[in-house]
Amino acid sequence: FFSPPPPRAGWSFSMGSAYQFHSWRVFVVVCALPCVSAVVALTFMPESPRFYLETGKHDEAWMVLKQIHDTNMRARGEPERVFTVNRIKIPKQLDELVEMQNESANPVLKVLFKIKAELRGIWSTFMKCFDYPVKDNTIKLAIVWFTLSFGFYGLSVWFPDVIKHLQADEYASRVKIHNNERIEDFTFNFTLENQIHRNGAFVNDSMKFKAVKFIDSSFINCYFEDVSSVGSSFTNCTIVDSFFYNTDIDDSKLTNSTIINSSFHHNKTGCQMTFDDDYSAYWVYFVNFLGTLAVLPGNIVSALLMDKIGRLSMLGGSMVLSGISCFFLWFGTSESMMIFMLCLYNGLSISAWNSLDVVTTELYPTDRRGTGFGFCNAMCKLAAVMGNLIFGSLVGITKAIPILLASSVLVCGGLVGLRLPDTRANVLM
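Shown next as structure tokens:
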């Protein structure tokens, strides 16, 4: 008889004989910790002085400005000075409530008028980003954000998949093929892996295996233990009087095979894993971890040299160097070489991200800074989606197109970034 276990959702890793550890739950919790920490940290961050001025809270605005002044003095190592404000230009605000009160006394209409006024204000602020004198800067910034995000996130998806593809090719090249063998009364006290057995006969054997394919073979009175269905299958096989213990073999692994008087006990639970799942479950996270770790030196360098070499030099130079480093991916024929190139690429590109954040903030005046930065981030997300789709579809097909595409996009974006005005010595508007 044959009674395969029902599949369950989620990753499942067996520890011992009964305990099951579902890693995706831990992954979700770990990913949520930074968000929770950010929410807690935001409670200690004061509002901007401009917000307090717009809402009529002048004393609170003065206190925030004083805190900024005192912090800057201490950072410069200068003696404390008395903070004074000679003049405050209060932003001109439109009293929407008065307008709505005059237009109608209906509370529903008041809400509609308020929503309309908010939408009109948002659209007006957005269109100001394309007015003089920031129109050219907005277009150039959008191009730089789009190109940098397209190349960065596209290659971030492409790198792990390429490494997984190289691993699969290497694994397949090491397969062992056995033909017309007959093994009786033998116990395999080691795990068979990455093999193909054709026209074999196994009698009174005890075996463990992983990624082993049996074709046109017969099994009589055999004992299967700790068998993983990753890459394992029985095709045109006959299994008689056999016992399966702690396996995850199901109908999908028994193609045109005959099961006679055989039993399955203590079947493994969880999703059926493929070769890609087995390899990528660890490597995808490990490769991304190494790539993320590589940005630490880039962050330190960009923080120390930002004011010395300038924002534009760092932005354009980092993007151009990142584009040039992509060409060396052509010579990446091993896992270690590809991981090294990933770390080099991330270390170079992080300086461009840091300088781009600073340049974007400093190029917009206060009343358009948030909207302009939000528009650039929207272009960034759009480019990230496009990069994931395009680069992901090219994995295993060709290396030339992703390499040339990422290199050209990054170099062009870096050249555009060098055309932006230098804001190093400018006073924020």
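According to UniProt numbering, the sequence shown is numbered sequentially starting from 1. Positions of the beta carbon are idealized from the N, C-alpha and C atoms, including for glycine. Computed from a prediction, not measured in an experiment: that's the story for all the values here.
On the DSSP bridge assignment, give the partners of residue i in chain order.
{"i": "H265", "result": "Y245"}
{"i": "S393", "result": "According to DSSP, S393 bridges with nothing at all."}
{"i": "Y223", "result": "S206 and F243"}
{"i": "T187", "result": "S206"}
{"i": "S156", "result": "Partner(s): none; S156 has no beta bridge."}
Anyone know if the C-beta pair for residue i and residue j falls short of 7 Å?
{"i": "G392", "j": "V157", "result": "yes"}
{"i": "L141", "j": "L312", "result": "no"}
{"i": "I239", "j": "G298", "result": "no"}
{"i": "L344", "j": "S325", "result": "yes"}
{"i": "A211", "j": "N194", "result": "yes"}
{"i": "S407", "j": "F327", "result": "yes"}
{"i": "C237", "j": "F214", "result": "yes"}
{"i": "residue 437", "j": "L315", "result": "In the structure displayed, the chain extends from 1 to 429; residue 437 sits before or after that span and is not available."}
{"i": "L342", "j": "S318", "result": "no"}
{"i": "L65", "j": "P79", "result": "no"}
{"i": "K208", "j": "S233", "result": "no"}
{"i": "N204", "j": "G291", "result": "no"}
{"i": "A384", "j": "Y52", "result": "no"}
Please classify residue i: does DSSP put it in a helix, a strand, or coil?
{"i": "N180", "result": "coil"}
{"i": "A211", "result": "strand"}
{"i": "H22", "result": "Summary for H22: the model assigns pLDDT 48, below 50, so the residue's position carries little reliability; its value from the coordinates is reported in the next sentence. H22 falls in the coil class under three-state DSSP."}
{"i": "L420", "result": "coil"}
{"i": "residue 437", "result": "Here the chain has residues from 1 to 429 only, and residue 437 is not among them."}
{"i": "R198", "result": "strand"}
{"i": "F44", "result": "coil"}
{"i": "F234", "result": "strand"}
{"i": "S217", "result": "coil"}
{"i": "E193", "result": "strand"}
{"i": "P34", "result": "helix"}
{"i": "R81", "result": "coil"}
{"i": "T55", "result": "coil"}
{"i": "F130", "result": "coil"}
{"i": "K110", "result": "helix"}
{"i": "K399", "result": "coil"}
{"i": "D250", "result": "coil"}
Cutting at 7 Å between CB atoms, please list the residues of its own chain near residue i, excluding the five before and the five after it.
{"i": "I397", "result": "none"}
{"i": "R174", "result": "N194"}
Who are the Cβ neighbours of residue i in its own chain at under 8 Å, not counting the five residues just before and after it?
{"i": "F243", "result": "C222, Y223, F224, S262, S263 and H265"}
{"i": "H178", "result": "Q195, I196, H197, R198 and G200"}
{"i": "L415", "result": "G316 and V320"}
{"i": "I163", "result": "W283, V287, E335, M338 and I339"}
Taking only beta-carbon positions, decide if residue i is within less than 7 Å of chain D.
{"i": "V287", "result": "Among the chains in the structure shown there is no chain D, since it carries only a single protein chain."}
Excluding the five sequence neighbours on either side, which residues of its own chain have a C-beta within less than 6 Å of the C-beta of residue i, listed in chain order?
{"i": "V409", "result": "T147, F150 and G151"}
{"i": "G200", "result": "E181 and S217"}
{"i": "L394", "result": "I401 and P402"}
{"i": "T258", "result": "T238"}
{"i": "T125", "result": "T371"}
Mind pulling the alpha helix (DSSP H) runs of 4 or more residues that sit fully within the segment 285-346?
295-309 and 311-327
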